[in-house]
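> Okay, handing you the structure first.
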Amino acid sequence: MTSNKIIFYIYFILSLCLNAQTLDWENPHIFNINKEDPHATLIPYSSLDKALKTERFSSEFLKVLNDNWKFNWVEKPADRPLDFYKESFDDTKWKTIPVPSNWQLKGYGRPIYLNIPYPFEKNPPFIQHNYNPVGSYRYEFTVPNNWNEKEIFINFDGVESAFYLWINGNKVGYSQDSRTPAEFKITKFLKPGKNLLAVGVYRWSDGSYLECQDFWRLSGIFRNVYLFSTPKVHIRAFKVVTDLNENYTDANLEITTKLFNYGTKKSENDRIQISLYDRNNKIVQNEVLTTQKSTLLHPNDEAVIYLKSKIENPLKWSAEEPNLYTLILKLFDKQNKVTEYLSSKVGFREVEMKNGQLLLNGKPILFKGVDRHEHDPITGHFVTEASMIQDIKLMKQYNINSVRTSHYP
């Protein structure tokens, strides 16, 4: 038998094994179910003034769900409460756990520190069933009254390592990838008054084989959880590129946006307007930079819109002078009414290699960097904004100008 035939038969047998596998958290072909596509961080605002502040957690279209949630913990999947996601389930005897947090730091299981070795029996893509703790969470919430007629999403900034989501007893979806946001559209599952959120978190999944790194191994819902709402026609994603000219003076501001129609009716003549504001909230060049109408959008349809404008001699960004502008995106409907404000901080810089020398805005730069884990000595992988700012201040005091986010976002 030739080596090619042997390889074929091995691949065939492995494929049969994987296809027979029904557990999502042991199936490398499944790493999300019904999860929204990744996109830039964005939250709609109700006015230009609020958008200019770029404080997304103060937006009236965002509701933070960080709180004490009902919690149950078991050592293996077979012992988990199977019906815990149902509205009729009795959780009165359950304790509570703060979200976000790592459950090992709240008395459930033990933290594990390892470098390269796996903290479980190695048999990819499978995970041991005799010890793979599962945390079951329940939480009740209400939807703000001014979110009627809007599309509503739930966002988990970090959950380790895999989880299922239910709303009011309905299965919404599944996600792996502990360090990137998991976002789900939940509009159709919601009801007036109280709503039940249920989450089942598995400590390890087949994704844990890829997340084996030199750090503390902790689990749970360890970053922010929040709802946010958008108009039915929504700027779903955008990408910003700042390209300096050869003299590093003027720049092209290039913006690619994705406009999505979540409604049941077609939408046409929606218009996106782009403005750039300086640190004093003064509009740059005293004019709207770019404006463009979208194509016809049918329900569940998406349009990609490309916008470009020249910016004369913007302040440049560097570690020593971190000049930033505020980019404002406005979405107008066919009645010329603003239906959405989005904002983002933007810096103008050019990083390149010339003659073996790394340059920033045409000037040589020496990286004085460190690796940084997202870790707090008290709260584990739940790191507050205040703690992040303190880290930055300490690094600046030691002339550090670059950080490697090892080994994850």
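In numbering that gives the first Met the number 0, the protein residues as written are 0 to 408.
Quick reminder that beta carbons are idealized off the backbone N, C-alpha and C, glycines included.
Does residue 23 pass the burial test, meaning 16 or more other C-beta atoms within 10 Å, or should it be called exposed?
The C-beta of residue 23 has 16 or more other C-beta atoms within 10 Å across all chains shown, which makes the residue buried.
> From what residue to what residue does the beta strand (DSSP E) around residue 444 run?
This structure leaves residue 444 out entirely; the chain is present only between 0 and 408.
> Counting only runs of 4+ residues fully inside the stretch 311–353, write out the alpha helix (DSSP H) ranges in chain order.
none
> Do you know whose CA, among 137, 192 and 218, lies nearest residue 92's CA?
137
> Figure out for me which residue from 315, 369 and 389 has the closest Cα to the Cα of residue 375.
Proximity to residue 375 across 315, 369 and 389 peaks at 389, based on C-alpha coordinates.
> How is residue 407 classed by DSSP in three states: helix, strand or coil?
coil
> Name the DSSP bridge partner or partners of residue 238?
255
> For the 8 Å Cβ check, are there 3 or more pairs between the stretch 227–240 and the stretch 259–274?
yes
> So what's residue 156 in DSSP terms, helix, strand or just coil?
coil
> Exposed or buried, which one is residue 11 when buried takes at least 16 other CB atoms within 10 Å?
Legend: pLDDT at residue 11 = 44, less than 50; position of this residue unreliable, value from coordinates given subsequently. Under this definition residue 11 is an exposed residue.
> Within this structure, are the beta carbons of residue 251 and residue 315 separated by less than 8 Å?
no
> Which of the three DSSP states, helix, strand or coil, is assigned to residue 394?
helix
> So for residue 426, helix, strand or coil by DSSP?
In this structure the chain extends from 0 to 408, so residue 426 is not present and cannot be described.
> Nearest to residue 67 by CA position, among 94, 76, 126 and 83, is which residue?
94
> Comparing alpha-carbon positions, which option in 296, 100, 201 and 178 lies nearest residue 129?
Residue 201 is the option with its Cα nearest to residue 129.
> Is the beta carbon of residue 221 sitting closer than 8 Å to the one on residue 100?
With a cutoff of 8 Å on beta-carbon distance, residue 221 and residue 100 are scored as near each other.
> Have a look at 293, 310, 317 and 59 and flag the residue whose alpha-carbon is nearest the alpha-carbon of residue 147.
Comparing Cα-Cα distances from residue 147 to each of 293, 310, 317 and 59, the minimum goes to 59.
> Could you check whether the Cβ of residue 47 sits closer than 8 Å to any Cβ belonging to chain C?
Absence of chain C from the displayed structure is noted, only one protein chain being present.
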